[in-house]
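Numbering (UniProt numbering), first residue to last: 1 to 271.
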């Protein structure tokens, strides 16, 4: 498709404005985390790492970070197992309602977070409360897993659809058992897709706040909830900026690695 000079310039300006809307606020958070002024005046009178030191010794932020890590790891583990199993069922087998299963798996990430949160809160209260299980870290992990499964499923099913099942059939024709064929043939082919899906799932869980609000019990505070709760406290504003900057950096790394893995997977499948 050939574009004229005016169209190319218009597209570049539009893309530049779009990127500016997305990334300039993130850069401002990073700059404010280095601002020596507690009130975050602009432009900053200088740069300092003092607030980074204060944030590192903040017990509330460290506890919230650890809760987020545990919730992210738990949700990612569940998503890897269930998302992979569903992906293999959909991609490798034909059965009645296969398209419906795919739709149901993908639906949670398309629903508004507040709808998912209210539904999970009601379900936990109805099912778990009579059993003596209240809201806590377990319910947060289950809540996050509902949408983390989607990214694992999408990555794995896309990789399986680009990979012929003849590889596994050939291995079994040579005497390999089903599990042996999976370990020696199938798993190496989908390994990068699994890793990319796991990294994206962890990043989604780590940043989640709406579903967490409805599924976390008393005393359970993830890092996004800690940031939201301390935003209105003037004395905590510099520390919040630091924690927000750290949260951005921690989210960018897995997403970048997952994107590279997905690109490498797509390239290798075309070779």
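Where a beta carbon is used, it is the ideal one built from N, C-alpha and C, also for glycine.
Scanning the stretch 11–97 from its first residue to its last, the whole alpha helix (DSSP H) runs of 4-plus residues come out as 50–56, 59–92. Fewer than three pairs of CB atoms, one per stretch, sit closer than 8 Å, so the stretch 116–127 makes no contact with the stretch 169–180.
Exclusion of the five residues before and after residue 36 leaves 46, 48 as the residues of its chain whose Cβ lies within less than 6 Å of its Cβ.
Judged by their CB atoms, residue 188 and residue 209 are not nearer to each other than the 8 Å cut-off. Around the CB of residue 5, fewer than 16 other CB atoms lie within 10 Å, so the residue is classed as exposed. No residue range can be given for residue 218, since it is assigned to no alpha helix (DSSP H) and is classified by DSSP as neither H nor E. Taking a cut-off of 8 Å on C-beta distances, the stretch 228–246 touches the stretch 50–60, as three or more cross pairs fall below it. Residue 76 and residue 148 do touch by the CB rule: their CB atoms are close to 6 Å apart, below 8 Å. Using a 10 angstroms sphere on the CB of residue 103, the tally of other CB atoms stays under 16, which defines it as exposed. As for any alpha helix (DSSP H) of minimum length 4 sitting wholly inside the stretch 127–169, the runs are 137–161, ordered along the chain. Following the DSSP letters along the chain, one finds residue 195 inside the alpha helix (DSSP H) bounded by residues 187–207. Scanning 71, 98, 255 for the CA closest to the CA of residue 146 turns up 71. Between residue 238 and the set 21, 61, 10, the nearest pair of CA atoms involves 61. Residue environment analysis places residue 216 among the buried positions, since at least 16 neighbouring C-beta atoms fall within 10 angstroms of its C-beta. With contact defined as three or more Cβ pairs closer than 8 Å, the stretch 121–135 and the stretch 192–205 are not in contact. The C-alpha of residue 99 lies about 11 Å from the C-alpha of residue 106.
In this model, residue 162 and residue 192 are separated by some 13 Å (Cα to Cα). In this structure, residue 79 lies near residue 152, with their beta-carbon atoms less than 8 Å apart. Relative to the Cα of residue 144, the nearest Cα in the group 42, 251, 212, 16 belongs to 212. Here the alpha carbons of residue 164 and residue 141 stand approximately 34 Å from one another.
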